[in-house]
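Note sheet for the following structure.
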Ligand SMILES: Nc1ncnc2c1ncn2[C@@H]1O[C@H](COP(=O)(O)OP(=O)(O)OP(=O)(O)O)[C@@H](O)[C@H]1O
Ligand SMILES: [Mg+2]
């Protein structure tokens, strides 16, 4: 993202640069052509003027005679307001005109051909056209040279005017080109932005391949992206399988060890050995519980990545979960009392069930025999509340929130099997659903009250 | 009011023959004293009677400037400027000579808000500016034309002159084109535009024509009855007024087949030192020239001729073609032909 800058901006600058170059080039070309055309026009008129004058040359009694035709100068006056100079010489002798007018010095004059040159006369740049004609004066032909010259203000004026026009057009062309390049850059980058948007719109576990029409240049990127997602999907699948496999592999042998230890306990009389076996059974229970909870925790972590948003009635959920735990409670003569009202939330039923089971499990586990555990489902201003209260020892003196930390167990757990992951799972599930966990006590020293708060659907 | 001003003008007329430009033949000169130090020196071919109103108007606008107005012939003006005489403004009706001076680089650029409004045909290169259009006219004496229809075209004129040689012998006047620059311009432009010119010249040549240097004298002689007809006179308001003053004895005719219209032009010579003041006077002249109605000015405005009044001939074009007849070879050839036609006794 940093360092290389924006492709769009780079593209715009590049195209604008090209447009600027073309603008300057076209301006230069138009100016050059305008100068060329204006010069050529002036040359043609000068040549025509000199020719018209040369055509009036004649010989009379051995003398070269000349009459300047009116049109020769009228045509010069017609194209511009340029000053006109002329000179006619017969051989070495000047016939008429401006005696100090410079004449083109380009090689030997060839009769009948018009020669052009540029020079300076009376403080102004002039363009000259010279024509030599042989006139038979007396016995031999005399070369008569007609030179017509004009200042170049007209050429400069026309060229300047056209150059300015061309400059205006070039600037306009440049501005239009910049606007178009900006537009072009944006248009050509649109598919890229669309793909980016499509990818970021997806959920974290949505690893389906992207199926959309992309320009040829983006096809490799799209293919690579799809390949990466396919590999990611496979890798996630593998670790899910691995966790399930690991849990299974740990739990099954532990169950076998426990059964064997129970059998051994029954057949052994020696009190010391029986105690050792009981300790062993307890350790196996702890390990088994830990494996179970780790598996659950992993499941929660996985499922919250892409949370299902099904409509769930918490009253129904509470009834089923409580029913599932009924046997456990019955073993301790604990009465599960259910008070529900309908409360709909959006979420993952498996996770919510797991959370509630952990809380109920705690209440049953930490309460003394022959007590009551109350489970109430209520709604309160946009929130659904599932409160589990018991008549057990309560959550202890320390900060209750610390109990949600991983593997954190309370001080009142002497002899009670647990891994310390239960409330962590509950907290994770509630956070994933946008809810929260409230830990409190019913009355001082009398029971705990754990409340699962969720936003109503 | 007008008379009072004229009187003051006359009193202020100062005759200074102290050597300005070497041997400049000054016909008339007037000095308008200013409150400040600066003096604007004007060289012009226009008589003071015609030009005083312009100068007086300018002087009212700029009383700080002293004006020094010298009247010379167009040839003198041409020679003086060419020799670099120290004048700030050159005004002449001889367009061809004026144009040649500008073409040859004896004029300075001048640009102002007023010159911008001038039509293109009334200026050239931001250097020479026209402020009047004045037609060439025929002036006849009604007494000596008694019983004859006034001629409307050159053909009419040729017929009348040819049919009554006794009546018009020695009583036809025109410019001596060898002396008068304006006469030469009229003659060459007319010769170029209509073939009737040479036929008319032939007819006039047989009638012992009187040749003049200037319009004023010709009109005077028609008024006095010495001439029956003056051909190619510069028709200006002065001539109009003269026709009225003469009590119907003089009539001004404009030929309907073709008639020359010249532009009186001004430019700032290279040797000018009071450029700003000269520019201001040009502006004043141009504003007078661009006026809509004829008004009180002694010279006609630019507008009348350009809109093609009368026969619809525009003014002679300011352009290099004007220099064609100034070429010595062409001039010699033209004068030879003119003399052949005019002087056949
Ligand atoms: N209803 C309760 N009454 C008294 N103490 C409780 C109650 N619920 C939780 N606790 C205390 O909070 C601690 C953390 O509970 P948590 O459910 O996370 O772990 P656990 O029950 O020890 O183990 P696990 O649930 O993983 O088998 C418990 O060890 C216990 O000290
Ligand atoms: Mg627990």
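Protein chains in written order, with this note's numbering: chain A, 1 to 457; chain B, 458 to 802.
Where is the CB? At the ideal position from N, CA and C, for every residue including glycine.
- Item | Neighbour list for residue 581 of chain B in chain A, Cβ cutoff strictly below 7 Å | Translated into the one-based positions of the second chain, residue 581 of chain B becomes position 124. Simply 81.
- Out of curiosity, what's the CA-to-CA distance linking residue 178 of chain A and residue 718 of chain B? As a first step, residue 178 of chain A is located in the first chain; it is residue number 178 there, counting from the start. As a first step, residue 718 of chain B is located in the second chain; it is residue number 261 there, counting from the start. If you take the alpha carbons of residue 178 of chain A and residue 718 of chain B, they lie about 58 Å apart.
- Message: Please confirm whether residue 778 of chain B has its beta-carbon closer than 9 Å to some beta-carbon of chain A.
- Response: On the second chain, position 321 is the one that residue 778 of chain B refers to. Chain A contact via Cβ: present.
- Task: Identify the continuous alpha helix (DSSP H) that holds residue 676 of chain B and give its terminal residues.
- Result: Looking up residue 676 of chain B in the second chain gives position 219. Residue 676 of chain B -> alpha helix (DSSP H) spans 672-681.
- Measuring CA to CA, which of A:74, A:68, A:117, A:166 is closest to residue 43 of chain A? Start at 1 with the first residue of the first chain, and residue 43 of chain A comes out as number 43. Checked all of A:74, A:68, A:117, A:166; the closest Cα to residue 43 of chain A is A:117.
- What residues from the region 784-796 of chain B come within 8 Å of chain A, judged by C-beta to C-beta, listed N to C? Residues of the region 784-796 of chain B that bring their beta carbon within less than 8 Å of a beta carbon in chain A comprise 784, 785, 786, 787, 790, in sequence order.
- Is residue 356 of chain A near ligand 1, with its Cβ less than 8 Å from a heavy atom? Position 356 of the first chain, counting from 1, holds the residue named residue 356 of chain A. No.
- Query: Using a beta-carbon distance below 9 Å, is residue 97 of chain A in contact with chain B?
  - Reply: Indexing the first chain from 1 puts residue 97 of chain A at position 97. Interface residue, yes.
- Item | Contiguous alpha helix (DSSP H) assignments of at least 4 residues, all confined to the region 580-608 of chain B | Entirely contained in the region 580-608 of chain B, not one alpha helix (DSSP H) run reaches 4 residues.
- Query: Mind checking whether the beta-carbon of residue 362 of chain A lies closer than 8 Å to any heavy atom of ligand 2?
  - Reply: Translated into the one-based positions of the first chain, residue 362 of chain A becomes position 362. With a cutoff of 8 Å, residue 362 of chain A counts as near ligand 2, since its C-beta is closer than that to a heavy atom of the ligand.
- Message: Going by beta-carbon coordinates alone, are residue 123 of chain A and residue 480 of chain B separated by less than 9 Å?
- Response: As a first step, residue 123 of chain A is located in the first chain; it is residue number 123 there, counting from the start. As a first step, residue 480 of chain B is located in the second chain; it is residue number 23 there, counting from the start. No.
- Within 8 Å of chain B by C-beta, residues of the region 114-129 of chain A in sequence order: Hits within the stretch, in order: 122, 123, 124.
- Message: Does chain B have any CB closer than 9 Å to the CB of residue 85 of chain A?
- Response: Against the first chain, residue 85 of chain A aligns to sequence position 85. For residue 85 of chain A, the closest Cβ of chain B is nearer than 9 Å.
- Query: For the candidate residues A:210, A:433, A:71, whose alpha-carbon lies nearest to that of residue 45 of chain A?
  - Reply: As a first step, residue 45 of chain A is located in the first chain; it is residue number 45 there, counting from the start. Residue 45 of chain A has its Cα closest to that of A:71, out of A:210, A:433, A:71.
- Message: When you compare the CB of residue 717 of chain B with every CB in chain A, is at least one pair closer than 9 Å?
- Response: By one-based count along the second chain, residue 717 of chain B stands at place 260. With 9 Å as the cut-off, residue 717 of chain B does not count as an interface residue toward chain A.
- By Cβ distance, which residues of its chain are closer than 7 Å to residue 342 of chain A, with the 5 residues on each side in sequence left out? One-based indexing of the first chain puts residue 342 of chain A at position 342. Around residue 342 of chain A: 313, 315.
- Item | Residue from B:490, B:556, B:494, B:638 whose Cα sits closest to the Cα of residue 529 of chain B | Along the second chain, one-based indexing puts residue 529 of chain B at 72. With distances taken between Cα atoms, residue 529 of chain B lies closest to B:638.
- Query: From this set, B:518, B:510, B:722, which residue's C-alpha is nearest residue 492 of chain B's C-alpha?
  - Reply: Translated into the one-based positions of the second chain, residue 492 of chain B becomes position 35. Closest by C-alpha distance to residue 492 of chain B, out of B:518, B:510, B:722, is B:518.
- Under 7 Å from the C-beta of residue 781 of chain B: neighbouring residues of chain A: As a working mapping, residue 781 of chain B is identified with position 324 in the second chain. Neighbours of residue 781 of chain B on chain A, chain order: 68, 70, 73.
- Query: Contact check, residue 591 of chain B vs residue 658 of chain B under 8 Å by CB: the rounded distance?
  - Reply: For the purposes of this step, residue 591 of chain B is taken as residue 134 along the second chain, with counting starting at 1. For the purposes of this step, residue 658 of chain B is taken as residue 201 along the second chain, with counting starting at 1. Contact doesn't hold; Cβ gap of about 22 Å is too wide.
- Message: With a threshold of 8 Å (Cβ to nearest heavy atom), would residue 367 of chain A be considered close to ligand 3?
- Response: In the structure on display, ligand 3 does not appear, and the ligands it does have are ligand 1 and ligand 2.
- Going along the region 132-165 of chain A in order, which residues come within less than 7 Å of chain B, judged by CB to CB distance? Cβ contacts with chain B: none found.
- Message: Between residue 423 of chain A and ligand 2, is there a pair consisting of the residue's CB and a ligand heavy atom that are separated by less than 8 Å?
- Response: As a first step, residue 423 of chain A must be located in the first chain, where it is residue number 423. Judged by the Cβ position, residue 423 of chain A qualifies as a neighbour of ligand 2 at the 8 Å threshold, a heavy atom of the ligand being closer than this.
- Excluding five sequence neighbours on each side, which residues of the same chain lie with their C-beta closer than 6 Å to the C-beta of residue 688 of chain B? The sequence position of residue 688 of chain B within the second chain is 231, counting from 1. The residues are 595, 631.
- Task: Determine the DSSP secondary structure at residue 26 of chain A, reduced to helix, strand or coil.
- Result: Taking the first chain and counting its residues from 1, one reaches residue 26 of chain A at position 26. Helix, per DSSP.
- Item | Closer than 8 Å at the beta carbon, the chain D residues around residue 77 of chain A | In the displayed structure, chain D is absent; the protein chains listed are A and B.
- Task: Please name the residue or residues paired with residue 52 of chain A in a DSSP beta bridge.
- Result: The residue labelled residue 52 of chain A in the question sits at position 52 within the first chain. The partner list for residue 52 of chain A (beta bridge, DSSP) is empty, contrary to what the question assumes.
- Message: Let me confirm a value: residue 170 of chain A is counted as buried when at least 16 other C-beta atoms fall within 10 Å, else exposed. Which label applies?
- Response: Walking along the first chain from the start, residue 170 of chain A turns up at place 170. Classification for residue 170 of chain A: buried.
- Query: Taking the C-alpha atoms as reference points, what is the distance between residue 459 of chain A and residue 310 of chain A?
  - Reply: Outside the displayed range of chain A (1 to 457) lies residue 459 of chain A, so it cannot be described from this structure.
- Task: Consider the Cβ of residue 561 of chain B: report whether some Cβ of chain A lies at a distance smaller than 9 Å.
- Result: Here residue 561 of chain B is taken as the residue at index 104 of the second chain, counted from 1. Cβ-Cβ to chain A under 9 Å: yes for residue 561 of chain B.
- Can you name the residues of chain A whose CB is closer than 8 Å to the CB of residue 568 of chain B? Reading the second chain from its first residue, position 111 is the one you call residue 568 of chain B. Within chain A, not a single residue places a beta-carbon under 8 Å from that of residue 568 of chain B; the smallest gap is close to 14 Å.
- Item | Contacting residues, own chain, Cβ-Cβ under 7 Å from residue 7 of chain A (five flanking each side not counted) | The residue given as residue 7 of chain A occupies position 7 in the first chain. In the same chain as residue 7 of chain A, and ignoring 5 residues on each side of it, the C-beta atoms closer than 7 Å to its own belong to 189, in chain order.
- Query: Does any C-beta atom of chain A lie closer than 9 Å to the C-beta of residue 649 of chain B?
  - Reply: Within the second chain, residue 649 of chain B is the residue found at index 192, counting from 1. Yes - at least one Cβ of chain A is within 9 Å of the one on residue 649 of chain B.
- Query: Near residue 371 of chain A, what residues of its chain come up, given a Cβ to Cβ distance below 6 Å and the 5 sequence neighbours on each side ignored?
  - Reply: As a working mapping, residue 371 of chain A is identified with position 371 in the first chain. Answer for residue 371 of chain A: 334, 391, listed in chain order.
- Using a Cβ-Cβ cut-off of 7 Å (strictly less than) and excluding sequence neighbours within five positions of residue 742 of chain B, which residues of its own chain qualify? For this step, residue 742 of chain B is matched to residue 285 along the second chain. For residue 742 of chain B, where only same-chain residues beyond five positions count, the Cβ hits under 7 Å are 511, 588, 723.
- Query: Between the Cα of residue 497 of chain A and the Cα atoms of A:430, A:446, A:439, which residue gives the shortest distance?
  - Reply: With chain A covering only 1 through 457, there is no way to say anything about residue 497 of chain A.
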